[in-house]
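A.B. asks:
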Amino acid sequence: MDFLHKFHSNCESHKGYPGNHDLFVCRGKLTPGKKLKERYKIFSKHYPTTLKSFLDLSSCRGYFVLNASQQSSCERSLGIDVNAQEVELCRQFKQKFNLPNSRFELLTLENLANNIDNFGGAFQTVLLANTYQYLFFGSDIGPAYLSHEKIFEYLSKVCSERLIFTNRVEKSDCQNTKYVEAAGVHAELYNRQELLDAASKYFTLRYESQIGKYPLFILDKR
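For the sequence shown, my numbering begins at 819 and goes up steadily by one.
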């Protein structure tokens, strides 16, 4: 059955493990699940007062992108992902709720950084949540960069003002263990200090809080 046909009653859901991206359609409105709503409240506190443009570097089910696109000040809102099924799901949400300022593309960070002018230039506000380990070590569907310096160089190209960053910052916390092992000596570079040293070349950083066991950093473009 087509995804859109599943949303036929007043309140239907689209759930994902571990619940951080649960979405509900209630009375024709897109509503976040409890965990997703909590995460949105935390992240949105750190949006600029006037949100002009927004980029989610691992859009999953697209809530943050779709929400940003509904703000009158936000001229463009983009989500990228390397999972084709998730990108298609987001595009169907966009169509269902008629949100023309939102856009979803099947892209890597490197692809986006090297073609950022095709997307209107760098984005004012960028979200990178629970994805950094996969950028560094790779996954079944995404490349491994194996370099903090390279990743933050790309991030500096796609971000013009603020990067909201919450991720696993120690090797021992990473979930993609097969790729951690395959990284060899590069894996020893995956730690908080090496990451922050690379980030500081392009951004000023402040530690904000913890989200669960992992830190939330706010990075402002130099």
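Backbone N, C-alpha and C fix where the C-beta goes; we use that ideal spot for every residue, glycine too.
Can you tell me which of the three DSSP states I1036 falls into?
C.D. replies: Note: I1036 maps to strand in three-state DSSP.
A.B. asks: Assuming contact is defined by CB atoms lying nearer than 8 Å, are G943 and Y1020 in contact in what I supplied?
C.D. replies: Going by the sequence as given, residue 943 is Thr instead of Gly. Contact flag unset, no.
A.B. asks: With DSSP as the reference, please indicate the residues paired to S871 in a beta bridge.
C.D. replies: Per DSSP, R894.
A.B. asks: On the CB-based measure, 16 or more other CB atoms within 10 Å of its CB, does P918 come out buried or exposed?
C.D. replies: exposed
A.B. asks: Ignore the nearest five residues each way along the sequence and tell me which others in C892's own chain have a CB closer than 7 Å to its CB.
C.D. replies: Excluding residues up to 5 positions away in sequence, L869, K870, S871, F872, A886 and N919 lie with their Cβ nearer than 7 Å to the Cβ of C892 in the same chain.
A.B. asks: Hey, A947 and V976 are a contact pair by Cβ (cut 8 Å); roughly how many whole angstroms apart?
C.D. replies: No, A947 and V976 are not in contact; Cβ-Cβ is about 15 Å, not under 8 Å.
A.B. asks: Going by DSSP, what residue range makes up the beta strand (DSSP E) through I982?
C.D. replies: C977 to T984
A.B. asks: Under 8 Å between the Cβ atoms of Y1008 and N985?
C.D. replies: No; because the gap between Cβ atoms is not below 8 Å, this pair is not in contact.
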